[in-house]
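Have a look at the structure below before the remarks.
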Amino acid sequence: RHGRNWEGFGADPYLSGENAFYYVQGVQDQGVVATAKHYICNEQETNRFYDTPSNSKGYSANLDDKTIHEIYLWPFASSV
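Going by full-length UniProt numbering, the sequence shown opens with residue 1, and the numbers climb by one from there.
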């Protein structure tokens, strides 16, 4: 219902990238496999299910290449 903002590190691409990098490094330093997910265009999920009357309209989650590279890929790339 409320998207997946809580699964990420925030809205700032640089800080999200730094957090993602150190999180993955810390997990892997303990011998655990880290999975980088919920970074790319993932906060646009609020009301993504059409299960209520107020949820009867969809929205476009299509992003252009520049937006994806400048905002969304940075944290993911930092963590890989």
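Glycine is no exception: its CB is placed at the ideal position from the N, C-alpha and C atoms.
Report yes if the C-beta distance between Phe9 and Ser79 is below 7 angstroms; otherwise report no. What you label residue 9 is simply residue 9 of the sequence shown in a count that begins at 1. What you label residue 79 is simply residue 79 of the sequence shown in a count that begins at 1. Cβ distance not < 7 angstroms, so Phe9 and Ser79 don't count as in contact.
Go through the segment 5 to 42 residue by residue and report every complete run of the alpha helix (DSSP H) that reaches 4 residues or more, in order. 13 to 29
Can you tell me the Cα-Cα spacing of Gly26 and Ile68, whole angstroms? Looking up residue 26 in the sequence shown gives position 26. Looking up residue 68 in the sequence shown gives position 68. Going from the Cα of Gly26 to the Cα of Ile68 covers about 26 angstroms.
I'd like to check one pair, Pro75 with Gly31: are the Cβ atoms closer than 7 angstroms? For the purposes of this step, residue 31 is taken as the residue at position 31 of the sequence shown. For the purposes of this step, residue 75 is taken as the residue at position 75 of the sequence shown. Against a cut-off of 7 angstroms, the Cβ pair of Pro75 and Gly31 comes out as no contact.
Can you tell me where the alpha helix (DSSP H) holding Leu73 begins and where it ends? Reading the sequence shown from its first residue, position 73 is the one you call residue 73. Run containing Leu73: 73 to 79, per the alpha helix (DSSP H) assignment.
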